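Report on the following structure.
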Amino acid sequence: MKSAQLSAIGPAEDVVKCIDVTDPGAPGEGEVLVDMVACSINPADILLIEGNYAVVPETPCPLGIEGAGTVAAVGSGVSNLKVGDKVMSLARTNWVQQIRDRAEAFIRLPAEVDLAQAAMLKVNVATAHLMLTTYVSLSAGDWLIQNAANSGVGVDLIRLAHANGVRTVNIVRRDALIQPLKELGADVVVVDGPDLAARVAKETGGAPIKLGIDAVGGSAIGRLIDCVGDGGTAINYGLLSGKSCEINAFNFVFRDITLTGFWLAKLLGSMSFDQIQAMYAELAGRLVDGTIHVDIEASYPLDKISDAMAHAKRESRGGKVQLRPNG
Ligand SMILES: NC(=O)c1ccc[n+]([C@@H]2O[C@H](COP(=O)([O-])OP(=O)(O)OC[C@H]3O[C@@H](n4cnc5c(N)ncnc54)[C@H](OP(=O)(O)O)[C@@H]3O)[C@@H](O)[C@H]2O)c1
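For the sequence shown, our numbering assigns the number 9 to the initial residue and increments by one for each residue that follows.
Okay, here's the thing in structure tokens:
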């Protein structure tokens with residue numbers, strides 16, 4: 009079978025190769041065999057491949073932080089999954105046609121779920137959900153602000169916040185995104201740049217913003233934190249600019265802003281399997297009821313992995329790039 013694997017650290021379009029690997033074989037006791045249907049390519053995959061992630065892998069190695077598929081076979085002693093069930097994988101080796109793993113490495117999904125959407129559930133939907141619920145208590149009518157608002161996480165955040173009556177200010181990099189994000193439920197959409205805090209205050213009527221969510225770092229997080237209300241909280245969860253956070257210390261000393269970091273892997277590591285399962289069951293329900301949906305710009309087979317990598321690295325995309333391991 010085919011697998012997209014990392015041959016060496018380097019530019020993603022050059023170093024990820026589609027190779028033939030041995031079929032995984034029939035599942036043993038407590039194991040499940042899954043046919044992978046859809047896998048998202050995330051910024052974190054690219055960071056890992058190019059040597060810029062929290063860990064640098066030894067190569068060669070399999071790849072793919074998320075993916076979803078259907079159960080092809082179950083081993084003895086597996087009672088919670090059956091052939092044909094739709095599942096999301098918790099493994100980080102998903103860019104492959106079949107995975108054989110212990111049953112606890114998969115989360116069962118509702119039969120009605122779209123597997124292409126489910127392939128974005130593990131990372132981005134959970135990230136949006138946990139950032140909305142873990143750090144600040146937000147009630148209907150409260151405001152938050154985020155940048156990279158048209159990203160997968162950003163769109164999930166808009167939709168989840170809107171569903172709970174929480175109001176969002178959304179920072180983007182181009183005018184063309186203002187109307188589409190408003191149609192998803194964004195209350196305010198602004199283009200990043202000078203005088204951001206003044207422009208945001210004008211749009212919100214000066215309402216205090218309790219939570220700021222930053223995926224960009226560099227000077228962008230500084231502009232975002234300038235918009236957060238006194239005593240508010242800011243979260244950094246990405247460094248899309250590739251630059252360290254530049255923040256005016258005035259915000260910490262005189263305005264009592266708290267800055268924290270978010271890493272999904274760390275939070276999931278602190279949760280029991282039952283808690284993880286319950287969270288994804290709730291979020292999968294949001295996929296089925298249509299609360300959550302992220303556009304997909306393109307899908308590639310594994311043997312076009314180099315094209316897929318180059319596409320996933322492009323800016324100004326209209327949605328996620330995915331792999332379809334089994335066509
Ligand atoms: N900490 C965690 O646990 C965690 C979990 C999930 C995601 N993340 C991070 O969240 C971020 C978004 O991930 P995603 O999967 O949602 O992204 P995505 O759907 O692939 O979209 C990429 C986004 O990045 C924006 N962008 C790219 N370069 C930028 C720059 N230099 N300045 C500002 N914006 C830039 C793009 O804006 P344009 O359309 O304008 O190009 C687009 O909005 C990534 O940094 C990812 O690593 C972190």
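Even for Gly, the Cβ is constructed at its ideal location relative to N, Cα and C.
On a predicted model such as this, the values are computed, not experimentally measured, just so you know.
Where LEU331 is concerned, the enclosing beta strand (DSSP E) starts and stops at 328–331. In summary, CYS69 is exposed, with fewer than 16 beta-carbon neighbours lying within 10 Å of its beta-carbon over all protein chains present. Cβ contact annotation for GLY38 (same chain, cutoff 7 Å, sequence separation greater than five): GLY83, GLY85, VAL86, ARG110, ALA111, in chain order. Out of GLY193, VAL174, VAL197, LEU129, the CA that lies nearest to the CA of LEU185 is found in VAL197. Classified as buried, VAL79 has 16 or more neighbouring CB atoms from the shown chains inside 10 Å of its CB. Membership of ILE17 in any beta strand (DSSP E) is not indicated, and neither H nor E is assigned to it by DSSP. The beta carbons of THR101 and LEU71 sit closer together than 8 Å.
Using a Cβ distance threshold of 8 Å, LEU272 and ALA126 do not count as a contacting pair. According to DSSP, residue pairing for CYS69 in a beta bridge involves LEU14.
By the neighbour-count criterion, in which 16 or more other beta carbons inside 10 Å mark a residue as buried, ASN172 falls on the exposed side.
DSSP places PHE262 outside both helix and strand once states are collapsed to three, so it counts as coil.
Under the three-state reduction of DSSP, VAL180 is assigned to strand. Residue side-chain check: VAL174 keeps its Cβ at 7 Å or more from all non-hydrogen atoms of ligand 1. In its chain, beyond the 5 residues on either side, PRO32, GLY33, PRO35, GLU39, LEU41 have a beta carbon closer than 7 Å to the beta carbon of ARG108. Taking a cut-off of 8 Å for Cβ pairs, the region 197–214 and the region 150–162 touch, as three or more such pairs fall below it. In this structure, ILE229 lies away from ASP238, with their beta-carbon atoms at least 8 Å apart.
Distance from the C-beta of GLU120 to the nearest heavy atom of ligand 1 is not below 7 Å. In this structure, the beta-carbon distance from ILE217 to LEU152 falls below 8 Å. Under a 10 Å Cβ-count criterion, LYS210 is classified as exposed, with fewer than 16 other Cβ atoms of the shown protein chains found around its own Cβ. Just so you know, the alpha carbons of ASP150 and GLY250 end up roughly 31 Å apart. Boundaries of the beta strand (DSSP E) harbouring PHE114: 114–116, taken from the DSSP string.
Distance from ALA316 to LEU331 at the Cβ level is roughly 6 Å; contact confirmed, criterion being Cβ atoms closer than 8 Å.
Separation of ASP234 and LYS10 (C-alpha to C-alpha, rounded to the nearest whole angstrom) is 49 Å.
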